[in-house]
Amino acid sequence: MTRLVLVTNDDGYDAPGIHALIEAVQPLGQLVVVAPDREQSAASHAITLDRPLRVYRADEGRYRINGTPSDCVHLGITHFTGGRLPDLVVSGINRGLNVGDDVTYSGTVAGAFEGTLLNVPSIAFSAEIDNEGRSDFSRAGGLVRSIAQRVLGHGLQRGVLLNVNFPAGDYRGIRVTRQGTRSYRATAFEREDPSGRPYYWIAGMDMTPTGEPDGDHLAIREGFVSITPLQVNLTHEPSLEDLSRWDLEAG
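Take the sequence shown: its position 32, counting from 1, is numbered 33 in the numbering used here, and each next residue is one higher.
Structural data, given as structure tokens:
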């Protein structure tokens, strides 16, 4: 049976990254593309519950949705794959990295999370922005196809997805990495609109990688493609025993 691949992103249906992703995985089987009708960067794993979702059929097996990446994957699996569970979900290729703490905000990673929650092997792909403000998606295509083929062939453990990031410039190789961490300081700027009313813009956040030797940040900085296995179960196992010793009912 021909393999079925569901494609999504968070940069929007018309973004060049998703078209590079489509081209890369097209040889792997039948594609169904379900993507947001506009940019949904930093949407994280939001699901739309407060309004109806509108679907616009752009072509055979191609859909634009006025929702988040998670909405797109959810609707794609439940309504646009002909009642068949896809063999793979791929999300991206994002314009900009999704490493370290960024994965908690990323709509690209969330698309893969949603696929994983619905029991489909899933991969998120992102590409670093170079000094000229561009991401070279075409260079990533061969590796995108190769990684997707291996997931189709070997599968992933239940509840696990892959987060793949491509550095700008020449690739020195591939590293399997941990999700890195950063020292993080939030910044929000206060401004006034023409009517004198205040508004706020979250931007310019100070985020410095802490530099784990096996972390995704360092791999990218040293010119390696980073592949990080993530899990959807966020339980911190070591804390279970610690918390069980607290006298939580003492008031």
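Glycine is no exception: its CB is placed at the ideal position from the N, C-alpha and C atoms. Here the structure is a predicted model, which means the values were calculated and not measured.
How many Å lie between GLY216 and SER196 at the Cα?
-> For GLY216 and SER196, the distance between alpha carbons rounds to 47 Å.
Using three-state DSSP, classify VAL26 as helix, strand or coil.
-> In the structure shown, VAL26 sits in a helix (DSSP, three-state: H, G or I).
Straight-line gap, ASN10 to LEU249 (C-alpha atoms, nearest Å) = 43 Å
Cα-Cα separation between VAL6 and LEU32, rounded to whole angstroms = The C-alpha of VAL6 lies about 5 Å from the C-alpha of LEU32.
If we count the other Cβ atoms within 10 Å of its Cβ and call it buried at 16 or more, is GLY112 buried or exposed?
-> So GLY112 counts as buried.
Validate contact between the stretch 79-95 and the stretch 33-52 using beta carbons, cut 8 Å, 3 pairs | yes
Please report the residue range of the beta strand (DSSP E) in which SER123 lies.
-> Looking at the DSSP string, the run of the beta strand (DSSP E) that includes SER123 is 123-128.
Which of the three DSSP states, helix, strand or coil, is assigned to GLN150?
-> helix
Tell whether a beta-carbon distance below 8 Å holds between VAL26 and VAL145.
-> yes
Is there contact between the stretch 103-119 and the stretch 40-59, where contact requires at least three CB pairs shorter than 8 Å?
-> The stretch 103-119 makes contact with the stretch 40-59: 3 or more CB pairs, one atom from each, lie closer than 8 Å.
So, are the CB atoms of GLY224 and PRO168 less than 8 Å apart?
-> yes
Spatial distance of ALA149 from ASP243 (CA atoms) = 40 Å
Between PHE114 and PRO70, what straight-line distance do the alpha-carbon atoms span, to the nearest angstrom?
-> 10 Å
Measure the C-alpha to C-alpha separation of ASP171 and ALA220 and round it to an integer number of angstroms.
-> So the alpha carbons of these two residues sit roughly 13 Å apart.
Given THR49, which residues of its chain have a CB within under 7 Å of its CB, disregarding the five upstream and five downstream residues?
-> GLY68, THR69 and ASP72
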